[in-house]
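In what follows, a single structure is set out as structure tokens and then discussed.
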Amino acid sequence: MNPITNPYAPGAGSPPLELCGRSAVRRAVEVCIERLRLGRSAKSVVMVGLRGVGKTVLLEQMRRDAEECGVHTVRIETPENRSLPGILAPQLRLALLRLSKIEAAKATAIRGLRALTGFASKLKVSFHDIEVGFDYDSEPGLADNGDLESDLAALLEQIGKAAQRAGTVLVLFLDELQYVHEGQLEALISALHRCAQEQLPVTLVGAGHPQLIGRMGKAKSYAERLFDFPEIGALRDEDAREAIVKPALNEGVEFLEDAVDAMIEKTHGYPYFLQEWGKHTWDVALRSPITESDVENASQQAIAALDESFFRVRFGRLTPVEKRYLRGMAELGPGLHRSGDIAYQLGRTVQSFGPTRNNLIRKGMIWSPTHGDTDFTVPLFDEFMKRIMPGNEWKTAIE
Ligand SMILES: Nc1ncnc2c1ncn2[C@@H]1O[C@H](COP(=O)(O)OP(=O)(O)O)[C@@H](O)[C@H]1O
Ligand SMILES: [Mg+2]
Numbered sequence: 016m017n018p019i020t021n022p023y024a025p026g027a028g029s030p031p032l033e034l035c036g037r038s039a040v041r042r043a044v045e046v047c048i049e050r051l052r053l054g055r056s057a058k059s060v061v062m063v064g065l066r067g068v069g070k071t072v073l074l075e076q077m078r079r080d081a082e083e084c085g086v087h088t089v090r091i092e093t094p095e096n097r098s099l100p101g102i103l104a105p106q107l108r109l110a111l112l113r114l115s116k117i118e119a120a121k122a123t124a125i126r127g128l129r130a131l132t133g134f135a136s137k138l139k140v141s142f143h144d145i146e147v148g149f150d151y152d153s154e155p156g157l158a159d160n161g162d163l164e165s166d167l168a169a170l171l172e173q174i175g176k177a178a179q180r181a182g183t184v185l186v187l188f189l190d191e192l193q194y195v196h197e198g199q200l201e202a203l204i205s206a207l208h209r210c211a212q213e214q215l216p217v218t219l220v221g222a223g224h225p226q227l228i229g230r231m232g233k234a235k236s237y238a239e240r241l242f243d244f245p246e247i248g249a250l251r252d253e254d255a256r257e258a259i260v261k262p263a264l265n266e267g268v269e270f271l272e273d274a275v276d277a278m279i280e281k282t283h284g285y286p287y288f289l290q291e292w293g294k295h296t297w298d299v300a301l302r303s304p305i306t307e308s309d310v311e312n313a314s315q316q317a318i319a320a321l322d323e324s325f326f327r328v329r330f331g332r333l334t335p336v337e338k339r340y341l342r343g344m345a346e347l348g349p350g351l352h353r354s355g356d357i358a359y360q361l362g363r364t365v366q367s368f369g370p371t372r373n374n375l376i377r378k379g380m381i382w383s384p385t386h387g388d389t390d391f392t393v394p395l396f397d398e399f400m401k402r403i404m405p406g407n408e409w410k411t412a413i414e
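Following my numbering, the numbering of the sequence shown begins with 16 at its first residue and continues without gaps.
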């Protein structure tokens, strides 16, 4: 098929032509926003899932949906090494400037900009990466204690009041929430809590790693009452089918049933993998309809592309013993594994791997859904580990 018209879009954050199987969660967010607009209560939504399941593109789609309904949105990605106030401040400023253009909200929004000045100038002492323009002088006592938790609550409250006056909702779209540090996450939760108590139309639509649920609960015990945590995972078969078939059909290209079945089987319905298989199968196929043997012929390339673009991310930053640990884990196959079973694979005690395991969790390679259990943070990572460290040498490696 012509690669120029290839309709598949593998890549972190690359929007798919068809965003399949996510209508329920999109609807939930829409309901949340509309309830807030009416002054009703609604839980914030934090979507959790592994890398490559489509959280970022979903978040962006929800943001577009919200903007279309006339709601004010703020889009924030949380890079690993930036502070939350550092990335929030410039975006909140933009939101306030927009709200200040609305006559009914003008005075309140300007007070919000004063709050922002107080917030940023005091907190800059602890968070050096705060860089934001000051439009108005600060107001003594307004969000300027120099304490993140109380200042963020005061700032968000002021913004919420401005949004309320404007008859709109302010929705914070925050991606990669797992990178927000403990104390800062706590401050964010508590600021949202304040807004909920005051019935202000401010909410969070977030996305991040599944471990967030536990972390947020630990940060603030009331987090469970404040947030819904829908899980984003692999697509159901019929949605995966649509994700494959529809983009091609738009270009007048068809798939045989067997070909689709083979793709679903190979990708397990994971969105990133579906896009990668779709792309390579398209490029390999000579004519429509695309057949199962086209899928087979494309598989090697699809896997190679995934190894390079998806699996290898961060792999290079691991130490030899960390790689060994992951390889031992992979030997046990997909799913949850007891720390003891992994250590057994490697012929050492659980305790001796304690620091390694902690480092791997910190680096985002594995996580622990329940105490003593470990899983990869990326789907099908076990198969990648076996490809990249074949043979048995890892079993006997001497450190
Ligand atoms: N619902 C979906 N249907 C089809 N493809 C999808 C869907 N969601 C995501 N994708 C594809 O999956 C890949 C990963 O999406 P991304 O949002 O970056 O995942 P995450 O943020 O969870 O790591 C992208 O190539 C995207 O086009
Ligand atoms: Mg993402």
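For every residue, glycine included, the Cβ atom is placed at its ideal position computed from N, Cα and C.
**Message:** Is it buried or exposed, Ser205, if we count other Cβ atoms within 10 angstroms and call 16 or more buried?
**Reply:** Indexing the sequence shown from 1 puts residue 205 at position 190. Buried, because 16 or more other Cβ atoms sit within 10 Å of the Cβ of Ser205.
**Asked** Quick check: the stretch 200 to 219 against the stretch 173 to 191, are there 3 or more CB pairs under 8 Å?
**Response** Judged by Cβ distances under 8 Å, the stretch 200 to 219 makes contact with the stretch 173 to 191, as three or more pairs qualify.
**Item:** Cβ pair count under 8 Å reaching 3, the stretch 221 to 228 against the stretch 62 to 71
**Value:** Yes: at least three Cβ pairs fall under 8 Å.
**Asked** Is it true that the CB of Pro370 sits closer than 7 Å to the CB of Gly69?
**Response** For the purposes of this step, residue 69 is identified with residue 54 of the sequence shown, where counting begins at 1. For the purposes of this step, residue 370 is identified with residue 355 of the sequence shown, where counting begins at 1. Contact: no.
**Request:** Flag this pair as touching only if the stretch 236 to 253 and the stretch 78 to 98 have three or more C-beta atom pairs under 8 Å; answer yes or no.
**Result:** In short, these stretches do not touch, since the Cβ pair count stays below three.
**Prompt:** Say the cut is 6 Å; is the CB of Thr71 nearer than that to a heavy atom of ligand 2?
**Reply:** Your numbering for residue 71 matches position 56 in the sequence shown. For Thr71, the Cβ falls inside the 6 Å cut-off from some heavy atom of ligand 2.
**Asked** Shortest alpha-carbon distance to Val40 belongs to which of Ser59, Tyr23, Ser29 and Gly26?
**Response** Sequence index remark: in the sequence shown, residue 40 carries index 25 (1-based). Residue Ser59 is the option with its Cα nearest to Val40.
**Request:** Run the CB neighbour count on Tyr340, radius 10 Å, all protein chains shown included, and call it buried at 16 or more, exposed below.
**Result:** In the sequence shown, residue 340 corresponds to position 325, counting from 1. With 16 or more other Cβ atoms inside 10 Å of its own Cβ, Tyr340 counts as buried.
**Message:** Distance check for Pro384 and Lys294, CA to CA, integer angstroms please.
**Reply:** Your numbering for residue 294 matches position 279 in the sequence shown. Your numbering for residue 384 matches position 369 in the sequence shown. C-alpha separation (whole angstroms): 33 Å.
**Residue range of the alpha helix (DSSP H) that includes Phe461** = An answer regarding residue 461 cannot be provided, because it is not within the stretch 16 to 414 covered by the chain.
**Message:** With three or more C-beta pairs closer than 8 Å as the rule, is the stretch 146 to 166 touching the stretch 16 to 23?
**Reply:** Between the stretch 16 to 23 and the stretch 146 to 166, the count of Cβ pairs shorter than 8 Å is below three; the stretches do not touch.
**Prompt:** Taking DSSP as the reference, what is the three-state secondary structure of Gly156?
**Reply:** For this step, residue 156 is matched to residue 141 along the sequence shown. Coil, per DSSP.
**Message:** For Arg332, tell me which candidate among Cys47, Asp150, Arg377 and Glu280 has the shortest Cα-Cα distance.
**Reply:** Residue 332 sits at position 317 when you count from the first residue of the sequence shown. Arg332 has its Cα closest to that of Arg377, out of Cys47, Asp150, Arg377 and Glu280.
**Message:** Would Pro18 and Asp309 be called neighbours here (beta carbons separated by less than 7 Å)?
**Reply:** The residue given as residue 18 occupies position 3 in the sequence shown. The residue given as residue 309 occupies position 294 in the sequence shown. It is not a contact, given that the beta carbons lie outside the stated cut-off.
**Prompt:** Does ligand 1 have a heavy atom nearer than 6 Å to the CB of Tyr194?
**Reply:** Translated into positions along the sequence shown, residue 194 becomes position 179. It does not: the Cβ of Tyr194 is nowhere closer than 6 Å to a heavy atom of ligand 1.
**Item:** Residue from Val268, Ala258 and Thr364 with nearest C-alpha to Ile279
**Value:** Indexing the sequence shown from 1 puts residue 279 at position 264. Each of Val268, Ala258 and Thr364 was checked against the Cα of Ile279, and the nearest Cα belongs to Ala258.
**Item:** Own chain, CB closer than 6 Å to Leu128, minus 5 neighbours either side, in chain order
**Value:** As a first step, residue 128 is located in the sequence shown; it is residue number 113 there, counting from the start. Counting only Cβ-Cβ distances below 6 Å, and skipping sequence neighbours, we find Leu111, Asp150 and Tyr151.
**Request:** Could you name each continuous alpha helix (DSSP H) segment of 4 residues or more that falls completely within the stretch 314 to 376, going from the start of the chain to the end?
**Result:** Qualifying alpha helix (DSSP H) stretches, in chain order: 335 to 346 and 354 to 361.
**Request:** Can you give me the Cβ contacts of Ile381 inside the same chain, cut-off strictly under 8 Å, excluding the 5 residues immediately before and after it?
**Result:** Here residue 381 refers to the residue found at position 366 of the sequence shown. In the same chain as Ile381, and ignoring 5 residues on each side of it, the C-beta atoms closer than 8 Å to its own belong to Leu341, Met344, Arg372, Leu375, Thr389, Asp390, Phe391 and Thr392, in chain order.
**For Ile145 and Pro100, believed in contact at Cβ under 8 Å, the rounded distance** = As a first step, residue 100 must be located in the sequence shown, where it is residue number 85. As a first step, residue 145 must be located in the sequence shown, where it is residue number 130. 6 Å between Cβ atoms; contact.
**Prompt:** Which residues mark the beginning and the end of the beta strand (DSSP E) in which Arg422 is found?
**Reply:** This structure cannot speak to residue 422, because the chain is shown only from 16 to 414.
**Prompt:** Should Ala320 be listed as close to ligand 1, given that the test is whether its C-beta is under 6 Å from any heavy atom?
**Reply:** Your numbering for residue 320 matches position 305 in the sequence shown. Incorrect: Ala320 has no Cβ contact closer than 6 Å to ligand 1.
**Asked** Buried or exposed: which applies to Gln212, given that a residue is buried once 16 or more other Cβ atoms fall within 10 Å of its Cβ?
**Response** Numbered from 1 along the sequence shown, position 197 holds the residue referred to as residue 212. By the neighbour-count rule (16 or more Cβ atoms within 10 Å), Gln212 is not buried but exposed.
**Request:** Could you tell me how far apart the beta carbons of Ala317 and Leu289 are, in whole angstroms, since I believe they sit closer than 8 Å?
**Result:** As a first step, residue 317 must be located in the sequence shown, where it is residue number 302. As a first step, residue 289 must be located in the sequence shown, where it is residue number 274. Distance from Ala317 to Leu289 at the Cβ level is roughly 10 Å; contact not present, criterion being Cβ atoms closer than 8 Å.
**Item:** Whole-number beta carbon distance between Asp190 and Leu74, since they are thought to touch under 8 Å
**Value:** Within the sequence shown, the letter at position 59 stands for residue 74. Within the sequence shown, the letter at position 175 stands for residue 190. Confirmed, Cβ separation roughly 6 Å.
**Item:** Simplified DSSP state of Ile305, which is helix, strand or coil
**Value:** Counting from one through the sequence shown, the residue named residue 305 turns up at place 290. Under the three-state reduction of DSSP, Ile305 is assigned to strand.
**Asked** How many whole angstroms separate the CB atoms of Gly67 and Phe325, which I take to be in contact at a CB cut-off of 8 Å?
**Response** For the purposes of this step, residue 67 is taken as residue 52 along the sequence shown, with counting starting at 1. For the purposes of this step, residue 325 is taken as residue 310 along the sequence shown, with counting starting at 1. Taking a contact as a CB-CB distance under 8 Å, the pair Gly67 and Phe325 counts as one, their CB atoms being some 6 Å apart.
**Prompt:** Which full runs of the alpha helix (DSSP H) of 4+ residues lie inside the stretch 115 to 158, going along the chain?
**Reply:** For secondary structure counted as the alpha helix (DSSP H) over 4 or more consecutive residues, the stretch 115 to 158 holds these complete runs in sequence order: 121 to 138.
**Message:** For a quick check, are the C-beta atoms of Ala202 and Leu167 less than 7 Å apart?
**Reply:** Residue numbering aside, residue 202 sits at position 187 when the sequence shown is read from its first letter. Residue numbering aside, residue 167 sits at position 152 when the sequence shown is read from its first letter. Taking a C-beta distance under 7 Å as the contact criterion, Ala202 and Leu167 qualify as a contact pair.
**Message:** Can you confirm whether the stretch 87 to 98 touches the stretch 107 to 125 when touching is taken to mean that 3 or more C-beta pairs between the two stretches lie within less than 8 Å?
**Reply:** Three or more Cβ pairs closer than 8 Å define a contact, and the stretch 107 to 125 meets that threshold against the stretch 87 to 98.
**Item:** Distance, Met231 Cα to Phe396 Cα
**Value:** In the sequence shown, the residue the question calls residue 396 occupies position 381. In the sequence shown, the residue the question calls residue 231 occupies position 216. Their Cα atoms are separated by approximately 26 Å.
**Request:** Look at Met16 and Ala300 and say whether their C-beta atoms are less than 7 Å apart.
**Result:** If you number the sequence shown from 1, residue 16 lands on position 1. If you number the sequence shown from 1, residue 300 lands on position 285. Between Met16 and Ala300, the C-beta gap is smaller than 7 Å, which places the two residues in contact.
**Message:** Using C-beta distances below 7 Å, list every residue in its chain close to Gly387, excluding the 5 sequence neighbours before and after it, in chain order.
**Reply:** The residue given as residue 387 occupies position 372 in the sequence shown. Scanning its chain for C-beta atoms nearer than 7 Å, with the 5 sequence neighbours on each side dropped, one finds around Gly387 the residues Arg353 and Ser354, in chain order.
**Message:** Distance check for Lys410 and Ala104, CA to CA, integer angstroms please.
**Reply:** Residue mapping note: residue 104 aligns to position 89 of the sequence shown, counting from 1. Residue mapping note: residue 410 aligns to position 395 of the sequence shown, counting from 1. Roughly 50 Å between the two C-alpha positions.
**Prompt:** Do you know offhand how far Ser115's Cα is from Leu207's?
**Reply:** The sequence position of residue 115 within the sequence shown is 100, counting from 1. The sequence position of residue 207 within the sequence shown is 192, counting from 1. If I take the Cα positions, the gap works out to 22 Å.
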